[in-house]
Every structure is written in C-alpha cells, then in structure tokens.
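Following: one structure in structure tokens, then a few remarks.
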Amino acid sequence: MDAPYKQLEDHFQRLSHVAHALTFLQWDQLVMMPPRGNEARSEAIAELSSIYHDTLTDPALGDLLEKARSHPETAEQSASVSEMDREYRWATCIPTDLVKAKSLAGSKCEHQWRSQRQNNDWAGFLVNFKEVVNLSREEAQARQSCRPDQFFTPYDALLDLYCTGDSSDMISGIFTTLKKNLPPLVSEVVSKQAGRTRLFKGQFIIESQRQLNRKLATLLGFDFEAGRIDESSHPFSTGDVGDHRITSRYRESDFIDALKATAHETGHAAYEGGLPQKWKHKPLGQARNMSIHESQSLLFEKQIFLTKPFLNYFTPTIHAHLEASRDYSCEQIWLNSIKVSPSLIRVEADEVCYPLHVILRYEIESALINGTMEAADLPEVWDDKMQNYLGLSTAGNFRDGCLQDIHWTDGSFGYFPAYTLGALNAAQLFSAFRDQHGDWQEMLSKGDISPILNWLEEHIWSKGRLLDSQELIVKATGEPTNPGYFIDYVKTRYLQESY
Numbered sequence: 133m134d135a136p137y138k139q140l141e142d143h144f145q146r147l148s149h150v151a152h153a154l155t156f157l158q159w160d161q162l163v164m165m166p167p168r169g170n171e172a173r174s175e176a177i178a179e180l181s182s183i184y185h186d187t188l189t190d191p192a193l194g195d196l197l198e199k200a201r202s203h204p205e206t207a208e209q210s211a212s213v214s215e216m217d218r219e220y221r222w223a224t225c226i227p228t229d230l231v232k233a234k235s236l237a238g239s240k241c242e243h244q245w246r247s248q249r250q251n252n253d254w255a256g257f258l259v260n261f262k263e264v265v266n267l268s269r270e271e272a273q274a275r276q277s278c279r280p281d282q283f284f285t286p287y288d289a290l291l292d293l294y295c296t297g298d299s300s301d302m303i304s305g306i307f308t309t310l311k312k313n314l315p316p317l318v319s320e321v322v323s324k325q326a327g328r329t330r331l332f333k334g335q336f337i338i339e340s341q342r343q344l345n346r347k348l349a350t351l352l353g354f355d356f357e358a359g360r361i362d363e364s365s366h367p368f369s370t371g372d373v374g375d376h377r378i379t380s381r382y383r384e385s386d387f388i389d390a391l392k393a394t395a396h397e398t399g400h401a402a403y404e405g406g407l408p409q410k411w412k413h414k415p416l417g418q419a420r421n422m423s424i425h426e427s428q429s430l431l432f433e434k435q436i437f438l439t440k441p442f443l444n445y446f447t448p449t450i451h452a453h454l455e456a457s458r459d460y461s462c463e464q465i466w467l468n469s470i471k472v473s474p475s476l477i478r479v480e481a482d483e484v485c486y487p488l489h490v491i492l493r494y495e496i497e498s499a500l501i502n503g504t505m506e507a508a509d510l511p512e513v514w515d516d517k518m519q520n521y522l523g524l525s526t527a528g529n530f531r532d533g534c535l536q537d538i539h540w541t542d543g544s545f546g547y548f549p550a551y552t553l554g555a556l557n558a559a560q561l562f563s564a565f566r567d568q569h570g571d572w573q574e575m576l577s578k579g580d581i582s583p584i585l586n587w588l589e590e591h592i593w594s595k596g597r598l599l600d601s602q603e604l605i606v607k608a609t610g611e612p613t614n615p616g617y618f619i620d621y622v623k624t625r626y627l628q629e630s631y
C-alpha cells in the first residue's frame, strides 16, 4: 500500500478535479448559460458540491492525515499536511445536508436577485435572503464550535474562509484607523477637485473597447493561450491551471471603467497563474486567502495601470482604438481616473471612498451573522451608515443600496473585508517594491512590468499557502499590514496629484 502522504496526494487530486468541474459550471452559469437553464444547473452544482463535501469529509481521510502528521518526511510535506488537515477539519464541521441546503438557497437567491435588484424589489428579495442568512448562521455556529479557542464570534469563523488568519479584532482596529482618517481626506480631496467634472463625452464603441481591453490584458501579462475575457454584469475572475477566465463590462459613455476592471481581474489571474505548479492539486499550492488575492488585483489596477508613467505609455493605444478618446490627453485621462466623489455604488466608488463602503458592509454582515441584527433591518441600517460615512441616503432606493452586491445572495459573508485589506496590502507591497527599484517610474513609462511580476512571483505567488497572510506581508515588506501606507498613498495621489 502507498505511504499515507501519497494516498493523501491522490485523494486531494480527486477533490481538485471535482472543484475544477464546479468552477467552470459556475462560470458558465454567470456568463453563458441561458436563463431557463438555471434550475437544472443549480441542482447539478448542488450535487457536485455534496460530492466534494463527502469526499473531503471521508473518515478515511482523517485517519490518513493523522498518520501523515505523525511522520512527515520533510518540512514542505509537514506544511502540506497542515493545509490538508485544515481543509478536512473545516469541512467536517458542516453536515452534508447543510452544504446542499445552502448551495440551493444561494443559487435561488442569486438568480432571482438579478431581476429583483433591477425592479427595486426588496420585499421579494427578503424572502430568499432570510433563508440564506439563517443557513449562514448555522454554518458559522458549526464552524465556531469546531474551533472555539480560535474563533470568538460566529462571524470570525466565516471571515476565516476568505481572510484566513485575519481576525475581526485585527480588522476592526485597522478599520477604526481608516474611519478616523478617510472622511476628512475625502472632504479635503473633494474640495481640491471642486469644479472638475467627468471629462469624457462621446461614443466609445463597445467592440473597439473589447479590442482595447485585450491589448491591456496582454500588456499586463495575460496569456490568451491560457485564458479568455468575457462579459458579465459584475466583473470577476475564476479558472484553474492553464485556463483563467476573467470578465469585464462595457459602457459606450465611458471607457476607463472597463480598463480598470480588466486590469483588476488580470491581477487575480496573474496570481493564480503564478502559483507553484509543483503543488498543484494540493491546498498548499492554492492562493493564501482573498485579502492577498485582492492585493494582487488592486496592485495591478491602482499601482500599475493608473500610474501616470504607465498611462502615458498606454494612452496612444487608447487613442488608436477609440476615436472619440483622441480629444483627451494622458493627463486628462489620469485626472478623470482620480476624481473623488461619494457615491452610492461600491463597484463604481473611487478608491478614497471605497474602504468606507467596505466598512459599512463589514459592520452589517458581522452583526447579521452574530445575531445582533435581523435581515429585515438591512435597508434601515444600510441607509443610516451610508449617511454617517458618505453623507448619502438610500432610503427607498434598494437597487442602489442594500441590493447592489452579489456577495450576500449566496451567503458569502466575510468576503468584503478582503477588498480593503487588499488595498492596504497593495499599497504596502508596492511601497516595498519601489524602495528596491528606484527606476520603477522609468519601467512603467516603457510599459515594462516584468520587474514587478518577478518581484511578486518571488515574494507572493511562489509561496502558495506556505506562509499565512501576515507572514507573507512581513517577509515582503518588513512589517504586518499597516494602514499608514494606504493613507500616505492616498495623500500623494489625490492631494499632491503625483504618482
């Protein structure tokens, strides 16, 4: 019989293959599938999710893990077994019927949300949303009971799914710093930019934008032999080894938002493509967590694409593809891209206001999962926080308020903090890169991002899950996540208007 570790490798390879099938079924559901296919697709996804869960919770796997944990042959093998064990222990906390029930409820809620949001139908959405919240609470409580010494609240147990190793105490401390510093910064920047309006006027042909976005993705290292770009209502990235799928969305009245989305999702794909192939099919070879994932996408979008040197290089390409853009210089495009104005929609928010959108959602979802708030109270609480943080009201406007995001529709509670932790880590990582590469502006002015890709591969991508998120950041930058880097970056870009 094969040694326990070899049997573990075989077991997790089977799991990886099921996950592969789920990934592309879900991608197709969001991008290509006709509406009437949703019921059958949801049932198929739920069944595969149950198969995955049953395979991961097989008692024989627990026996193998115990044997392999007792006699690791190398430090790498020990780390690999540790990540396998974490996956197993997490999965065995949750009964299969709960996994299936949540998958079905989430698919139903997400599918109906698409039309309910368009119709501003909060009452209709609430029916499905209550079930998703209740099932998510069950999941959170089950996970917390599995590790009561590690998770002090049910929400922490869900947070760990996306921000592994980052506690709500740590995040709340960071967010308190941001809540203190960002509102006055927003006011100062808005005052500085008073009188400016969004510059772009004209018709930016969608097909030409598609070609332009392919050019940008290629320049940022996206391999079209190992991936593709499609369109969806909400840009996202997914895929597997050798097949990375990203989406963007286009509007004829504006071209910069699609470019930002493409740069962002290309960053996600770059991280996935840079993970160590020697650990493929193993948890150790996967992305560390979503906060690190978001740091990569935001670094591509904000720290590379939206810098003055890179935009100066790329503007002639914009002009070549979009005739209506030729009236705007690089400086005008850049100034347009840094316009700050509090707004209702998170995905359209500027990066100075964006963390306040995330903090609002973090505070709401933690209250929902910890049971200090009910689903029916969401519109009122949302409006109150929007007024406090951004000075805007969403009373009666559910479409642009509490119905705007897809995340909660399938029970992805705990994800939102990853966006802002990602922004903080992106600023901190790029600061470390700049310290080591004094000629970074010259590189970007030539469209050469290879030194950045190499640096990220060395410090982030090649590590997989070998280190936890804070260890990764400390080894790359010399200290844990520090919101000061992001605050300094905002002041430099938006008040000094450099960078």
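Numbering of the sequence shown is given in the working numbering, commencing with residue 133 and proceeding in unit increments. From the three backbone atoms N, C-alpha and C, an ideal C-beta is built for every residue, glycine too. Source: prediction; values computed, not measured.
Residue 477 counts as exposed, since fewer than 16 other C-beta atoms from the protein chains shown sit within 10 angstroms of its C-beta. Around the beta carbon of residue 282, fewer than 16 other beta carbons sit within 10 angstroms, so the residue counts as exposed. Using a Cβ distance threshold of 8 Å, residue 231 and residue 203 do not count as a contacting pair. Residue pairing for residue 362: DSSP places it in a beta bridge opposite 379.
Counted as a single uninterrupted DSSP element, the alpha helix (DSSP H) harbouring residue 516 occupies residues 510–522.
Residue range 486–502 is occupied by the alpha helix (DSSP H) that includes residue 498. Listed in chain order, the non-local C-beta contacts of residue 450 below 6 Å within the same chain comprise 457, local neighbours out to five positions each way being set aside.
Remark: C-beta atoms of residue 375 and residue 358 approach each other more closely than 8 Å.
In this structure, the beta-carbon distance from residue 213 to residue 188 does not fall below 8 Å. For the pair residue 483 and residue 171, the Cα-to-Cα distance works out to about 38 Å. For residue 577, the CB contacts under 7 Å within the same chain, skipping 5 residues up- and downstream, are 441, 444 and 445 in chain order.
Residue environment analysis places residue 149 among the exposed positions, since fewer than 16 neighbouring C-beta atoms fall within 10 angstroms of its C-beta. Residues of the same chain with a CB within less than 7 Å of the CB of residue 523, apart from the 5 flanking positions on each side, are 474 in chain order.
Cβ neighbours of residue 515 within its own chain (closer than 7 Å, five residues either side excluded): 525, 526, 527 and 533. When DSSP states are grouped into helix, strand and coil, residue 190 belongs to the coil group. In this structure the stretch 424–443 lies against the stretch 399–411, because at least three pairs of beta carbons, one per stretch, are closer than 8 Å. If you check the CB distance, residue 602 and residue 297 come in under 8 Å. Assigned with DSSP and collapsed to three states, residue 253 falls in coil, not helix or strand.
Taking C-beta atoms under 8 Å as the contact rule, residue 268 and residue 543 qualify, at a distance of about 4 Å. With respect to the C-alpha of residue 328, the residue from 164, 168, 468 and 140 having the closest C-alpha is 468. Nearest to residue 314 by C-alpha distance, out of 332, 491, 201 and 610, is 491.
Look at the stretch 292–378 and you find these whole runs of alpha helix (DSSP H), each 4 residues long or longer: 300–324 and 338–351. Note on geometry: alpha-carbon atoms of residue 452 and residue 530 lie some 40 Å from one another. For residue 386, the pairing in a beta bridge is given by DSSP as 383. Sixteen is the threshold: since fewer than 16 other Cβ atoms of the shown chains lie within 10 Å of the Cβ of residue 324, the residue is exposed. Secondary structure at residue 270: helix, using DSSP grouped into helix, strand and coil. Within the model, the alpha-carbon separation for residue 519 versus residue 159 is close to 36 Å.
A distance below 6 Å between beta-carbons, with the five flanking residues on each side excluded, links residue 341 to the following residues of its chain, in chain order: 382, 387 and 390.
Per DSSP, reduced to three states, the secondary structure at residue 616 is helical. Residue state for residue 419 is assigned as coil, using DSSP reduced to three classes. Counted as a single uninterrupted DSSP element, the alpha helix (DSSP H) harbouring residue 146 occupies residues 136–163.
Of the residues 139, 137, 178 and 166, the one whose Cα lies closest to the Cα of residue 153 is 178. Considered as a whole, the stretch 437–486 harbours 440–453 and 462–469 as its complete alpha helix (DSSP H) runs of no fewer than 4 residues, in chain order. Under the 8 Å Cβ criterion, the stretch 555–573 counts as touching the stretch 591–611, having at least three qualifying pairs. With 16 or more neighbouring CB atoms inside 10 Å of its own CB, residue 380 falls in the buried class.
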